[in-house]
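Below: the structure, in C-alpha cells.
There are 2 protein chains.
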Amino acid sequence: MTRRSRAEMLKETRANLIKAARSAFAEKGYAGASMDDLTARVGLTRGALYHHFGDKRGLLAAVVEEIDSDMAMQAHEIGQRQTNSWEALMKEGEAYIELALDPEIQRIVLLDGPSVLGDPAQWPSQNRCLQATMTTLERLMDESFIKPVDIEAAARLLNGAAMNAALWVAGSDTPEKVLGRAIHAFRQLASGLRISPDR
Amino acid sequence: MTRRSRAEMLKETRANLIKAARSAFAEKGYAGASMDDLTARVGLTRGALYHHFGDKRGLLAAVVEEIDSDMAMQAHEIGQRQTNSWEALMKEGEAYIELALDPEIQRIVLLDGPSVLGDPAQWPSQNRCLQATMTTLERLMDESFIKPVDIEAAARLLNGAAMNAALWVAGSDTPEKVLGRAIHAFRQLASGLRISPDR
DNA sequence: GTACTAACATACGCTTTGTATGTGAAATTC
DNA sequence: GAATTTCACATACAAAGCGTATGTTAGTAC
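Quick note, the sequences are listed as chains Y and H, same order. Just so you know, the working numbering puts 49 at position 20 of the first sequence, and the rest follows in order with no gaps. Just so you know, the working numbering puts 215 at position 186 of the second sequence, and the rest follows in order with no gaps.
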C-alpha cells in the first residue's frame, strides 16, 4: 500500500517549503519574496509556513542551514581528496569561491542571510564552512605546515576573503577570467600562514 | 538678515534626511525603519523623501555613500601617517577593522547594504575603501615591498578579510580581546604578499 | 503680473506580514 | 470503539508600509 505515515508527510511538507523558498529567495530576494506565492506554489497556504517555521525569518534560517551544510560538505570533501595537507586547504578555499558562484548561494547566503540573520559566524548552523576550515587548519598546524596561528582568527579571515572573492567573481563580466585571479590572490594571501616561504 | 537661500535649505533638508536615516537604519535596520517615522523626526513627510531620493533604496544608497566616504578618508589618513609603506597598509587594514566596530557601520554598510544594494564592489560610490587599498598596494609594489601581485584581486581579498574580521570582533563577547587576535591574523595573512618573508 | 517650476504635503490603493481562529483527520486514551 | 486530544494545516482579519498620483505653496523668470 502506498500509504505514507504522518511523519513522512510532515517531512515532505517541510522539504517542499524549503525547496520552494530556495528558488523564491534566490529569484526575488528575501524581501521581495511573497509568502503567499511561495506557499501556493507547493499547494499550501501561509498557515503551513507559520506552523512549521514560526515566521518568514525562520524559513530563511532553515534554508540557509541547508545550503550552508551542503557547501561545507562539498568543499570539505574536495579538500579531503588531496593528499597534500596544504593543497587540501587551498582546494577547499577554491571550492568555496566556486560554490559561491551559484546565484542561489550568492543571494541567499552571502547577501540576504547576513542582513536578516546577522553575522554568519553566529548562525545556529554555527557556520559549518568555518568549522571545516578550522579543522583543516588544525591539521596543518599539527603537521607543522603553518606557523602557530590563532586557528579561529585565521579561519575567519580566510573564509571572509574567499566569500568576498566569490562576490567579486560573480559580479564581474568575465567570471571565468576573474576566477583565476581570485584564486591566485587567495593562494598568495594564505601563503602568509606557511612556515616555509613557499618557493 | 538670517534669510537662507533656497539652495541652502535644499541642502539642509537632504542632510537632515540622511542624518535621520543613518540613525534609523542603524537602530531598526533597513527593513525595520519606517519612512513615515524617519521623515517625521525631522519635521517632514514622505513626500520630501521621494522627491529627493526617489525611493527608500535611494536613501540608503545616499547614506551608504556618505559612510563609505567617511571610512575611506579616515582609514587612508591613518595609513598616510605611517612612514613605512608596509605599515601604512597594515594600519589601514586595522583601521577598517576598528571603524567597523561602530554599530552604524556594521548594520548599514556590512549587513543591510549588500543585501539591498548588491555587491559593495559595484556600488556607485565605487567603494572608496577598496580604491584606497589599491592605491596603497600600488605604492608598495612600486617600492618592491610586495611581490608582483594582481592589485585589484589582492585588495578585494584583503578588504574582505578585514570586513569579516570586523563582524567577528563586533559580535564577540569580548571585543577588545578579539580585536587583537583579528589584527594579528590580518597581518599574518597580508605577509603572504611580501617579498621578504617577514622575520 | 503671469507662467512656470521646485519642494514639499496629502490622500489613496495595493501588497504583505503576523495572528487569531476554525477544521478535519489522525493519534491517543480509556 | 467511542471520546478526547493533538497535529497540520486553512481562513479571516487587522495593521503597517511603500509607492504613486495629485494637490499646494513659495520662489523665479520674463
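Where is the CB? At the ideal position from N, CA and C, for every residue including glycine. No experiment lies behind these values; they were computed from the predicted model shown.
Please go through the same chain and pick out, in chain order, the residues whose beta-carbon is closer than 8 Å to the beta-carbon of H:I47, but skip the five residues on each side of it.
-> Excluding positions up to five away in sequence, the list reads L88, A91, V92 and E95.
Element boundaries [alpha helix (DSSP H), containing Y:T68] = Where Y:T68 is concerned, the enclosing alpha helix (DSSP H) stretches over M64 to A69.
Using the Cα positions of H:K120 and H:R110, report the straight-line distance between them to the nearest angstrom.
-> Those two C-alpha atoms are separated by around 9 Å.
Own chain partners of Y:F54 with C-beta closer than 6 Å, once the 5 adjacent residues on each side are dropped | Answer for Y:F54: A62 and I137, listed in chain order.
Per-residue burial, Y:P204 [other beta carbons within 10 Å of its own, 16 or more giving buried] = Under this definition Y:P204 is an exposed residue.
Are any of the Cβ atoms in chain Y nearer than 9 Å to that of H:G200?
-> At least one C-beta of chain Y is nearer than 9 Å to the C-beta of H:G200.
Name the chain H residues whose beta carbon is nearer than 7 Å to that of Y:G221?
-> Within 7 Å Cβ-Cβ: Q217, L218, A219, S220 and G221.
May I ask you to report which of helix, strand or coil DSSP gives Y:I212?
-> Here Y:I212 sits in helix by DSSP.
By the criterion of Cβ-Cβ separation under 8 Å, what are the contact partners of Y:A194 in chain H?
-> Near Y:A194 (Cβ distances below 8 Å), the residues of chain H are A182, R185, L186 and G189.
Y:L222 and Y:L159 closer than 9 Å at C-beta | Not closer than 9 Å, so no.
With DSSP run on the structure shown, which of helix, strand or coil describes Y:R110?
-> Reduced to three states, the DSSP call for Y:R110 is coil.
Could you tell me the distance, in whole angstroms, from the CA atom of H:G58 to the CA atom of Y:R210?
-> For H:G58 and Y:R210, the distance between alpha carbons rounds to 35 Å.
Consult DSSP for H:I25 and reduce its assignment to one of helix, strand or coil.
-> No information on residue 25 of chain H is available, as it lies outside the stretch 30 to 228 that chain H covers here.
Proximity below 9 Å, CB of Y:L67 to CB of Y:A50 = Yes; because the gap between Cβ atoms is below 9 Å, this pair is in contact.
List the whole-angstrom C-beta distance separating H:S144 from Y:L140, where the pair is believed to meet the contact cut-off of C-beta under 8 Å.
-> Taking C-beta atoms under 8 Å as the contact rule, H:S144 and Y:L140 qualify, at a distance of about 5 Å.
Closer than 8 Å at the beta carbon, the chain H residues around Y:D141 = Within chain H, the residues near Y:D141 are S144.
Would you mind reading off the limits of the alpha helix (DSSP H) that contains Y:V145?
-> Where Y:V145 is concerned, the enclosing alpha helix (DSSP H) stretches over G142 to L146.
With which residues is Y:I175 paired in a DSSP beta bridge?
-> Partner(s): Y:R223.
Along the alpha helix (DSSP H) that carries H:W197, what are the first and last residues, could you check?
-> Per DSSP, H:W197 belongs to the alpha helix (DSSP H) from I180 to G200.
Output the boundary residues of the alpha helix (DSSP H) element that contains Y:L139.
-> In the DSSP annotation of this structure, Y:L139 is not part of any alpha helix (DSSP H), being labelled neither H nor E.
Tell me where the alpha helix (DSSP H) around Y:G76 begins and ends.
-> Its alpha helix (DSSP H) spans residues R75 to F82.
Kindly list the residues whose CB is nearer than 8 Å to the CB of Y:E236, restricted to its own chain and excluding five residues on each side of it in sequence; keep chain order.
-> Since the first and last residues shown for chain Y are 30 and 228, residue 236 of chain Y lies out of range.
Inter-residue spacing [alpha-carbon to alpha-carbon] between H:A101 and Y:I175 | Answer to the nearest angstrom: the Cα atoms are 33 Å apart.
Once you ignore the five residues that flank H:A195 on each side, which residues in its own chain have a CB closer than 6 Å to its CB?
-> Once the five neighbours on either side are set aside, the close Cβ partners of H:A195 are I126 and A129.
Alpha carbon to alpha carbon, what distance is there between Y:I180 and Y:H213?
-> When rounded, the distance between both Cα atoms is 22 Å.
Exposure label - H:E41; buried when at least 16 CB within 10 Å | Under this definition H:E41 is an exposed residue.
Beta-carbon contacts of H:R86 that lie in its chain and below 8 Å, excluding the five residues immediately before and after | Here the set comprises V145 and L146.
Hey, H:A124 and H:Q103 are a contact pair by Cβ (cut 8 Å); roughly how many whole angstroms apart?
-> The pair is a contact, with the Cβ atoms about 7 Å apart (cut-off 8 Å).
Between Y:E167 and the rest of its own chain, which residues show a CB-CB distance below 7 Å, the 5 nearest in sequence each way excluded?
-> Closer than 7 Å at Cβ, skipping near neighbours: I180.
Thinking C-beta only, is Y:G189 closer than 9 Å to H:M192?
-> Result yes, Cβ atoms of H:M192 and Y:G189 sit closer than 9 Å.
Check the Cβ of H:R51 against every Cβ in chain Y and list those closer than 8 Å, keeping chain order.
-> At a C-beta separation below 8 Å, H:R51 has no neighbours in chain Y, since its nearest C-beta there lies roughly 17 Å away.
Mapping DSSP to helix, strand and coil, what is H:P149?
-> H:P149 falls in the helix class under three-state DSSP.
Return the residue from the list H:R216, H:A199 and H:L186 that minimises the CA-CA distance to H:F117.
-> Going by the sequence as given, residue 117 of chain H is Ala instead of Phe. Comparing Cα-Cα distances from H:A117 to each of H:R216, H:A199 and H:L186, the minimum goes to H:R216.
Where does Y:G72 fall in DSSP's three states?
-> Coil.
Coarse secondary structure for Y:D99, derived from DSSP in three states | Note: Y:D99 maps to helix in three-state DSSP.
Under a three-way DSSP split, which group does Y:T164 fall into?
-> Y:T164: helix per DSSP, three-state reduction.
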